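Protein chains in written order, with the working numbering: chain A, 216 to 490; chain B, 73 to 324.
Heads up, the thing below is written out as structure tokens.
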Amino acid sequence: MPTVLGELAGIEARSERYMDLHVLAKIVVPLSISLSLPFAKEPLQALLLVAVSAIACAAAGIHLSALKKFLAVIVSMSAFIVLAFSLFTYIPGRVLYEATLWKVQAEKGVFEWKIAVTDTGLLYSAAFILRIFAMILSATLLLASVTDRDLVWGLFSLKMPFGVCVAASLFFRGIHLFVSDFYTVREAMSARGVDFERTPLVKRFTLYANALIPLLSLMITRSYEVSMALESRGIAPGSRSASGYHLYRMRRSDYAAVAAGIALTLAFAAWGWLA
Amino acid sequence: MHIVTFAFATAISYVLAVVSYLIFPVLGAPGVSALYVASAIYVPLGIWMGLWGCLAGYMSCFFLGLYPSGYSPVQSFIWSWADFIEAFVPLLIYRALKADLDFTVKRPRAAKLLPFFVSSGSILLLLGIVIQVLWGVAYGEPFTTIYVVLVYLGAALAVVGIILGLLAGNARTWLAQILSIIATGVCSGLWGAGTLTIFNFPPPLPAELFWPVFVGWVLSDYIVLSVISTALLIALTPVFKRTGLLVKGWWA
Chain A
216 MPTVLGELAG IEARSERYMD LHVLAKIVVP LSISLSLPFA KEPLQALLLV
266 AVSAIACAAA GIHLSALKKF LAVIVSMSAF IVLAFSLFTY IPGRVLYEAT
316 LWKVQAEKGV FEWKIAVTDT GLLYSAAFIL RIFAMILSAT LLLASVTDRD
366 LVWGLFSLKM PFGVCVAASL FFRGIHLFVS DFYTVREAMS ARGVDFERTP
416 LVKRFTLYAN ALIPLLSLMI TRSYEVSMAL ESRGIAPGSR SASGYHLYRM
466 RRSDYAAVAA GIALTLAFAA WGWLA
Chain B
73 MHIVTFAFAT AISYVLAVVS YLIFPVLGAP GVSALYVASA IYVPLGIWMG
123 LWGCLAGYMS CFFLGLYPSG YSPVQSFIWS WADFIEAFVP LLIYRALKAD
173 LDFTVKRPRA AKLLPFFVSS GSILLLLGIV IQVLWGVAYG EPFTTIYVVL
223 VYLGAALAVV GIILGLLAGN ARTWLAQILS IIATGVCSGL WGAGTLTIFN
273 FPPPLPAELF WPVFVGWVLS DYIVLSVIST ALLIALTPVF KRTGLLVKGW
323 WA
């Protein structure tokens, strides 16, 4: 069964032991990393959290080359952060580089827009950038280890009503259905003479925006069919399953993973509070 | 049927959100798009299907936050309320004004010109206010003059847009639609840009980037909501009425 990120980007957790964990454990581990993020204010704390996240990913069998998929996010955010601390604000510290970009004699003084790179500004930037790495690794760990079956069975084991379980399952199926519908509508448009390759960008945008109308109509038709099928099987949104085909219990390893996650958050909270 | 439609709508919004972000990104602010087409789906859905549409916006944004934006689950959980607000504000305006969903167009030319006037007027107003807040208050002239010119020009264009809206068809419905476009962008932009830069666990971006992200967010919303969302409301409201999907209360 492919994981959520496996279906979207081909990134999957390969460790069988990690994949055998209960869905609750697989959610708690990345969640505890993300809960530790607010306490990692110094570059050293953020660096340690990056190391913990990387170790967790490695334990789950996720190759760190998966970060390539987030390269654009990492580069653009890092650049934006450095710009924010040098172009949009002045962080007091030892000035490493300074240049005036624009100077205007205004009514109440001189308005100056400067680039000012200081050592403190760079330290702030480093902490922010490291937190981005930890944040991306925790999101990758969550999505690369949770399958849609995990979610649906997990919801069942929590005695959630059918309405919630069916909605979770339909969301994942809906992504594929929408993409396939989109290609159908696109082919229909091409068959009527639309040449997407030669159409200018603005015109293409209008065409795609117009395509939303048949796509939404198809969604309504499909919703009607699926809801009729569910009703004919006697599945009401509020009904719950008394029994299931699959036993989904927490084991010792699951409790250990959950405890490790909670301990991590508590440790970072204590470190952040003491620092 | 509402639950099934909600699940499918969430999936569609998620795919469109990812595509919008990848094609028109606001650089440095993952998940923020300069043309966020997904909002054209869940905002009308909020008007048609009440809180189901708001929930579709929230869930699609939550998953967008996780992948491809790479926010942590907690950051994404908080940030995604921006899209809930984005669908909830129009819903609230329509319910408060007791506007009937009658998008019959009596004057097509007025309906066609309306998005241009409303979005460009609101954008100029917003830019004027941002310039005044950032520099006008502290430095005075020439920023104050720029602010005054932009605000007057923006207000004039927005008023023309409102008049065109009143002429386009059912006056109360179109007034609700125009107010929705204007209020939605600002409300969701405040939460969205705020949770990315000022308040979150922790904010992924520095507080200094609030204004660039906020302006990018609101501009995108004005364009998409006035052009695509209005077109979808005109085209698909009769379909929703026919299929019994239209929600009169909040959930049913």
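Every residue, glycine too, gets a C-beta built ideally from N, C-alpha and C.
Treat the numbers as computed from the prediction; the structure is a model and nothing was measured.
Going along chain B, which residues have a C-beta under 8 Å from Ser405 of chain A? On the first sequence, position 190 is the one that residue 405 of chain A refers to. Those within 8 Å of Ser405 of chain A in chain B number zero; the least Cβ separation is about 19 Å.
Chain-order list of residues whose beta-carbon lies under 8 Å from that of His74 of chain B (same chain, five-residue window excluded): The residue labelled residue 74 of chain B in the question sits at position 2 within the second sequence. Closer than 8 Å at the Cβ level, and outside the excluded window around His74 of chain B, lie Met121, Trp124, Leu317, Val319, Trp323 and Ala324.
When the distance is taken between beta carbons, is Ala230 of chain B closer than 7 Å to Ser194 of chain B? Here residue 194 of chain B refers to the residue found at position 122 of the second sequence. Here residue 230 of chain B refers to the residue found at position 158 of the second sequence. A contact, by the Cβ cut-off of 7 Å.
Any chain B beta carbon closer than 7 Å to Glu227 of chain A: Counting from 1 along the first sequence, the entry for residue 227 of chain A is found at position 12. It does not: the Cβ of Glu227 of chain A has no partner Cβ on chain B nearer than 7 Å.
Could you tell me the distance, in whole angstroms, from the CA atom of Gly324 of chain A to the CA atom of Gly212 of chain B? If you number the first sequence from 1, residue 324 of chain A lands on position 109. If you number the second sequence from 1, residue 212 of chain B lands on position 140. Computed Cα separation, rounded: 9 Å.
Compute the distance between the beta-carbons of Val223 of chain B and Leu197 of chain B, then report whether it is under 7 Å. Here residue 223 of chain B refers to the residue found at position 151 of the second sequence. Here residue 197 of chain B refers to the residue found at position 125 of the second sequence. Yes, the Cβ-Cβ distance between Val223 of chain B and Leu197 of chain B is below 7 Å.
Going along the segment 297-318 of chain B in order, which residues come within less than 8 Å of chain A, judged by CB to CB distance? Val299, Ile300, Ala303, Leu304, Ala307, Leu308, Val311, Phe312, Thr315 and Leu317
In angstroms, rounded to a whole number, what distance separates the CA positions of Leu338 of chain A and Pro258 of chain A? Here residue 338 of chain A corresponds to residue number 123 of the first sequence, with the count starting at 1. Here residue 258 of chain A corresponds to residue number 43 of the first sequence, with the count starting at 1. Those two C-alpha atoms are separated by around 7 Å.
Positions along the segment 146-157 of chain B whose CB lies within less than 7 Å of some CB in chain A: Val146 and Gln147
From the DSSP output, read off the bridge partner residues of Ala255 of chain B. The sequence position of residue 255 of chain B within the second sequence is 183, counting from 1. Ala255 of chain B pairs with nothing; no bridge assigned.
From A:Ser432, A:Tyr398, A:Met350 and A:Arg407, residue whose alpha carbon lies closest to that of Leu250 of chain A: Your numbering for residue 250 of chain A matches position 35 in the first sequence. The shortest C-alpha separation from Leu250 of chain A is found at A:Met350.
Taking the alpha-carbon positions, what's the Pro116 of chain B to Asp469 of chain A distance? Walking along the second sequence from the start, residue 116 of chain B turns up at place 44. Walking along the first sequence from the start, residue 469 of chain A turns up at place 254. Whole-angstrom Cα-Cα distance: 43 Å.
For Trp368 of chain A, is the classification buried or exposed, using 16 other Cβ atoms within 10 angstroms of its Cβ as the cut-off for buried? Position 153 of the first sequence, counting from 1, holds the residue named residue 368 of chain A. So Trp368 of chain A ends up on the buried side.
May I ask you to list, following chain order, the residues of the segment 297-330 of chain A that have a beta carbon less than 8 Å from some beta carbon of chain B? Leu298, Ala299, Phe300, Phe303, Thr304, Val319, Ala321, Glu322, Lys323, Gly324 and Phe326
How long is the line joining the alpha carbons of Ala171 of chain B and Leu246 of chain A, rounded to whole angstroms? Position 99 of the second sequence holds residue 171 of chain B. Position 31 of the first sequence holds residue 246 of chain A. Their Cα atoms are separated by approximately 43 Å.
Within-7 Å CB hit, Ile75 of chain B to chain A: As a working mapping, residue 75 of chain B is identified with position 3 in the second sequence. For Ile75 of chain B, the answer is yes, since a Cβ of chain A falls inside 7 Å of its Cβ.
Best match in A:Ser280, A:Val400 and A:Ile242 for proximity to Ile226 of chain A [C-alpha to C-alpha]: Position 11 of the first sequence, counted from the start, is the residue given in the question as residue 226 of chain A. Nearest of A:Ser280, A:Val400 and A:Ile242 to Ile226 of chain A, Cα basis: A:Ser280.
Nearest chain B C-beta to Val417 of chain A closer than 7 Å, yes or no? The residue you call residue 417 of chain A lines up with position 202 of the first sequence. Chain B contact via Cβ: absent.
Beta-ladder partner(s) of Thr216 of chain B, from DSSP: On the second sequence, position 144 is the one that residue 216 of chain B refers to. Looking at the DSSP assignment, Thr216 of chain B forms no beta bridge with any residue, so it has no partner.
Check whether Leu127 of chain B and Leu431 of chain A have beta carbons under 7 Å apart: Numbered from its first residue, the second sequence carries residue 127 of chain B at position 55. Numbered from its first residue, the first sequence carries residue 431 of chain A at position 216. Not in contact: Leu127 of chain B and Leu431 of chain A (Cβ atoms no closer than 7 Å).
Run through chain A and tell me which residues come within less than 9 Å of Pro214 of chain B, C-beta to C-beta. Stepping through the second sequence from its first residue, residue 214 of chain B is reached at position 142. Neighbours of Pro214 of chain B on chain A, chain order: Val319, Ala321 and Glu322.
What does the alpha-carbon distance come out to for the pair Ser384 of chain A and Phe371 of chain A? In the first sequence, residue 384 of chain A corresponds to position 169, counting from 1. In the first sequence, residue 371 of chain A corresponds to position 156, counting from 1. Taking the straight line from one Cα to the other gives about 12 Å.
Burial state of Lys418 of chain A (16 or more Cβ within 10 Å): One-based indexing of the first sequence puts residue 418 of chain A at position 203. Exposed is the call here.
Please report the straight-line C-alpha distance between Tyr305 of chain A and Leu236 of chain B, rounded to a whole angstrom. Numbered from its first residue, the first sequence carries residue 305 of chain A at position 90. Numbered from its first residue, the second sequence carries residue 236 of chain B at position 164. So the two alpha carbons sit approximately 46 Å from each other.
Looking only at C-alpha atoms, which of A:Gln260, A:Val441, A:Val379 and A:Trp488 sits nearest to Arg455 of chain A? Numbered from its first residue, the first sequence carries residue 455 of chain A at position 240. Checked all of A:Gln260, A:Val441, A:Val379 and A:Trp488; the closest Cα to Arg455 of chain A is A:Val379.
Roughly how many angstroms separate the alpha carbons of Pro145 of chain B and Leu311 of chain A, rounded to a whole number? Locating residue 145 of chain B in the second sequence gives position 73, counting from the first residue. Locating residue 311 of chain A in the first sequence gives position 96, counting from the first residue. For Pro145 of chain B and Leu311 of chain A, the distance between alpha carbons rounds to 37 Å.
Give me the Cβ distance between Ala248 of chain B and Tyr166 of chain B, rounded to the nearest whole Å; I'm assuming they're in contact under 8 Å. Taking the second sequence and counting its residues from 1, the one referred to as residue 248 of chain B is at position 176. Taking the second sequence and counting its residues from 1, the one referred to as residue 166 of chain B is at position 94. About 5 Å separates the two Cβ atoms, so the contact holds.
Pro253 of chain A versus B:Gly321, B:Leu277 and B:Ser298, residue with shortest Cα-Cα distance: Residue numbering aside, residue 253 of chain A sits at position 38 when the first sequence is read from its first letter. Ranking B:Gly321, B:Leu277 and B:Ser298 by Cα distance to Pro253 of chain A puts B:Leu277 first.
Look at the Cβ atom of Ser152 of chain B, then the Cβ atom of Leu138 of chain B, and state whether they are nearer than 7 Å. By one-based count along the second sequence, residue 152 of chain B stands at place 80. By one-based count along the second sequence, residue 138 of chain B stands at place 66. Taking 7 Å as the Cβ cut-off, Ser152 of chain B and Leu138 of chain B do not qualify as a contacting pair.
Under 7 Å, CB to CB, which of the residues in the segment 266-282 of chain B have a partner in chain A? Phe273, Pro274, Pro276, Leu277, Pro278, Glu280 and Leu281
In the DSSP assignment, what residue or residues form a beta bridge with Val332 of chain A? By one-based count along the first sequence, residue 332 of chain A stands at place 117. Its beta-bridge partners are A:Tyr312.
Residues in its own chain within less than 7 Å of Ile295 of chain B by CB, not counting five upstream and five downstream? Looking up residue 295 of chain B in the second sequence gives position 223. Once the five neighbours on either side are set aside, the close Cβ partners of Ile295 of chain B are Leu107 and Ser191.
Step through the CB atoms of chain A and report whether any lies within less than 7 Å of the CB of Tyr219 of chain B. The residue given as residue 219 of chain B occupies position 147 in the second sequence. No, its Cβ sits nowhere closer than 7 Å to a Cβ of chain A.
What's the gap between the Cα of Gly221 of chain A and the Cα of Phe343 of chain A? As a first step, residue 221 of chain A must be located in the first sequence, where it is residue number 6. As a first step, residue 343 of chain A must be located in the first sequence, where it is residue number 128. Near 28 Å, if we compare the C-alpha coordinates of Phe343 of chain A and Gly221 of chain A.
Candidates A:Pro307, A:Arg309, A:Glu322 and A:Glu327: which alpha carbon is nearest Leu316 of chain A's? Your numbering for residue 316 of chain A matches position 101 in the first sequence. Measuring from the Cα of Leu316 of chain A, the nearest candidate turns out to be A:Glu327.
Could you check whether the Cβ of Ser247 of chain A sits closer than 7 Å to any Cβ belonging to chain B? Taking the first residue of the first sequence as position 1, residue 247 of chain A is located at position 32. No, Ser247 of chain A lies away from the interface with chain B (no Cβ there is under 7 Å from its Cβ).
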